[in-house]
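A short worksheet on the structure shown next.
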Amino acid sequence: MGTALKQVDDELKKRSPDWENVILLNVQVLHERSPFLLKWFPKGSGPESGVKTYALPAIWQKAGDFAKHAKDMEAASVKLSQAAAKRDAGELKAQVIVMGKSCKACHDDYRSPEYEKDAEQ
Amino acid sequence: MSSPDEIGKDPKAARVLRVWDSPTRAMHWLLVISIATCWWTGENDELEYHQYSGYVALWVVLLRVYWGFVGSSTSKFVNFLRGPRTVFKYVRTLHLRNTPATLGHNALGAISVLVLLSAVAAVVGTGLFAVDFDVLYSGPLSSYVDYRQGRKIARLHGGTLFNILLVVIALHLLAVSFYYAYKRHNLVATMITGKRKGEAVGQELQVAPVWRLALGAVIASIIVWAVTTGFYF
Chain U
8 MGTALKQVDD
18 ELKKRSPDWE
28 NVILLNVQVL
38 HERSPFLLKW
48 FPKGSGPESG
58 VKTYALPAIW
68 QKAGDFAKHA
78 KDMEAASVKL
88 SQAAAKRDAG
98 ELKAQVIVMG
108 KSCKACHDDY
118 RSPEYEKDAE
128 Q
Chain Z
3 MSSPDEIGKD
13 PKAARVLRVW
23 DSPTRAMHWL
33 LVISIATCWW
43 TGENDELEYH
53 QYSGYVALWV
63 VLLRVYWGFV
73 GSSTSKFVNF
83 LRGPRTVFKY
93 VRTLHLRNTP
103 ATLGHNALGA
113 ISVLVLLSAV
123 AAVVGTGLFA
133 VDFDVLYSGP
143 LSSYVDYRQG
153 RKIARLHGGT
163 LFNILLVVIA
173 LHLLAVSFYY
183 AYKRHNLVAT
193 MITGKRKGEA
203 VGQELQVAPV
213 WRLALGAVIA
223 SIIVWAVTTG
233 FYF
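Heads up: the protein sequence lines correspond to chains U and Z, in order. All you need for my numbering is the position in the first sequence, starting with 1, plus 7. All you need for my numbering is the position in the second sequence, starting with 1, plus 2.
Printed below as a string of structure tokens:
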């Protein structure tokens with residue numbers, strides 16, 4: 008999803024962005040996947056499952072807050088696709104930032120900082 | 003010529019010498035401030051301000067390199083970079099307390115200037131291509147690499163390369179302390195005032211004209227501006 012958001016962000020820097028092949032496709036990815044976030048971390052999939060996870064236990068301890076952030080992200084992805092459908096570069100750029108902040112909201116609190124250290128190997 | 007152990011004994015020999023011009027001193031302290039700001043904002047996730055302070059550091063490095071070619075005498079690379087033989091010769095006198103000071107960088111200090119500038123350039127340069135995990139504060143040139151590459155560069159930027167820079171800065175501070183404690187040379191004061199007391203060693207500081215500095219500042223600003231746009235004009 009980071010890749011998709013980055014591609015939209017990069018394309019918007021260009022003078023004549025490719026809406027058809029780059030922006031709309033990637034926005035669609037973000038829009039379609041966002042609602043799944045709440046299903047990706049079912050109860051019991053934390054460290055107690057024995058499977059390695061970078062999801063912090065806080066996800067389940069503060070389930071309400073996590074769900075609120077997830078809903079925010081879903082809403083951001085809807086607005087993102089609406090801005091893309093209008094082909095309004097200014098509005099889309101603003102929504103890319105809203106979207107990125109909604110990603111960050113959970114990554115800051117609910118993702119282990121070990122995530123990338125291990126991804127390196 | 004007086005022998006080294008006569009220095010300080012003859013008051014007529016010691017006079018105030020100009021060592022550093024004001025642009026070089028300003029660049030030095032601006033670099034200190036910008037790197038400190040980059041460090042703090044990087045550690046505290048203030049990435050918007052991290053970018054701004056990074057641009058300032060880039061601007062200073064560009065201007066210092068330019069000044070190294072056309073600046074005042076003690077700032078020019080040709081006047082202070084020395085070959086390995088001179089460096090070794092200097093290192094062998096390092097333990098002596100009363101060696102006459104060089105007007106400007108000594109042979110060993112010259113290497114530290116190069117290493118410091120290169121380390122800052124490496125950290126700032128990779129920062130330009132770094133990708134933010136959430137795509138909010140990626141470097142201005144990050145669109146030229148993909149997400150994974152950009153994340154690797156970001157980790158290199160804030161990890162290995164920044165740690166190397168910290169080590170180099172620590173060595174620099176250690177050397178300055180050594181000169182202060184052991185050789186009684188207050189290099190910090192000289193970097194603030196531009197002057198020190200000492201025996202005239204033949205050369206005088208040749209200050210470069212202001213217009214040349216202004217030209218360099220404009221060139222560095224244009225480059226930094228172009229970089230911030232990601233070269234999408």
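Even glycine gets a Cβ: it sits at the ideal position worked out from N, Cα and C.
Going by Cα to Cα distance, which pick from the options is closest to residue i?
i, options, result
"H107(Z)", "I224(Z), A219(Z), A123(Z) and G196(Z)", "G196(Z)"
"I194(Z)", "R153(Z), R17(Z) and P25(Z)", "P25(Z)"
"T162(Z)", "W42(Z), Y184(Z), T128(Z) and A177(Z)", "T128(Z)"
"V36(U)", "A11(U), D16(U) and S119(U)", "A11(U)"
"T39(Z)", "Q53(Z), V67(Z) and A28(Z)", "Q53(Z)"
"A74(U)", "K46(U), Q89(U), G57(U) and D95(U)", "K46(U)"
"L87(U)", "K20(U), L99(U) and I66(U)", "L99(U)"
"W213(Z)", "S74(Z), I35(Z) and V117(Z)", "S74(Z)"
"V105(U)", "A82(U), A96(U), V29(U) and A62(U)", "A82(U)"
"L168(Z)", "V80(Z), A156(Z), M29(Z) and I37(Z)", "I37(Z)"
"L175(Z)", "W42(Z), L217(Z), V115(Z) and I155(Z)", "V115(Z)"
"V133(Z)", "A112(Z), I113(Z) and L158(Z)", "L158(Z)"
"L130(Z)", "A112(Z), G111(Z) and Q151(Z)", "Q151(Z)"
"R118(U)", "S84(U), G71(U), G53(U) and Q89(U)", "G53(U)"
"I221(Z)", "R20(Z), L64(Z), T43(Z) and W22(Z)", "L64(Z)"
"L32(U)", "A77(U), D79(U) and K13(U)", "K13(U)"
"L44(U)", "P120(U), C113(U), K124(U) and E121(U)", "C113(U)"
"K124(U)", "T88(Z), A156(Z), V122(Z) and G141(Z)", "A156(Z)"
"K78(Z)", "V226(Z), I224(Z), A216(Z) and Q208(Z)", "Q208(Z)"
"V18(Z)", "E206(Z), L215(Z) and R198(Z)", "R198(Z)"
"R20(Z)", "G200(Z), L215(Z) and I224(Z)", "G200(Z)"
Is residue i near residue j, with beta carbons less than 8 Å apart?
i, j, result
"Y1(Z)", "E50(Z)", "An answer regarding residue 1(Z) cannot be provided, because it is not within the stretch 3 to 235 covered by chain Z."
"A210(Z)", "V72(Z)", "yes"
"R84(Z)", "A103(Z)", "no"
"S145(Z)", "G232(Z)", "yes"
"V229(Z)", "L143(Z)", "yes"
"D148(Z)", "K111(U)", "no"
"V34(U)", "V15(U)", "yes"
"V190(Z)", "L118(Z)", "no"
"A101(U)", "I30(U)", "no"
"W67(U)", "K50(U)", "yes"
"L105(Z)", "T76(Z)", "yes"
"A62(U)", "D116(U)", "no"
"A77(U)", "P24(U)", "no"
"H38(U)", "V85(U)", "yes"
"T101(Z)", "T95(Z)", "yes"
"M80(U)", "S41(U)", "yes"
"Y234(Z)", "K20(U)", "yes"
Is the shortest distance between the beta-carbon of residue i and the beta-carbons of chain Z less than 8 Å?
i, result
"K50(U)", "no"
"I104(U)", "yes"
"T10(U)", "yes"
"R22(U)", "yes"
"D79(U)", "no"
"H76(U)", "no"
"D116(U)", "no"
"A17(U)", "Note on residue identity: the sequence assigns Asp, not Ala, to residue 17(U). Taking Cβ atoms only, chain Z reaches closer than 8 Å to D17(U), which makes this a yes."
"G107(U)", "yes"
"E123(U)", "yes"
"K13(U)", "yes"
"K111(U)", "yes"
Measuring only between beta-carbons, confirm whether residue i sits less than 8 Å from chain U.
i, result
"V133(Z)", "yes"
"Y149(Z)", "yes"
"G232(Z)", "yes"
"D136(Z)", "yes"
"S24(Z)", "no"
"R99(Z)", "no"
"R157(Z)", "yes"
"S145(Z)", "yes"
"R27(Z)", "no"
"R84(Z)", "no"
"R66(Z)", "no"
"E45(Z)", "no"
"R87(Z)", "no"
"R20(Z)", "no"
"R153(Z)", "yes"
Going by DSSP, name the residue or residues bridged to residue i.
i, result
"K19(Z)", "Correcting the residue type first, residue 19(Z) is Leu in the shown sequence and not Lys. Answer is R198(Z)."
"A62(U)", "R118(U)"
Chain B beta carbons: is any one of them nearer than 8 Å to that of residue i?
i, result
"G141(Z)", "The displayed structure is made up of protein chains U and Z, and chain B is not among them."
For the ligand FAD, is there any heavy atom lying closer than 7 Å to the beta carbon of residue i?
i, result
"K154(Z)", "Summarising the ligand content, the structure contains no ligands, and the ligand FAD is consequently not present."
Is there contact between the stretch 56 to 65 of chain Z and the stretch 115 to 127 of chain Z, where contact requires at least three CB pairs shorter than 8 Å?
-> yes
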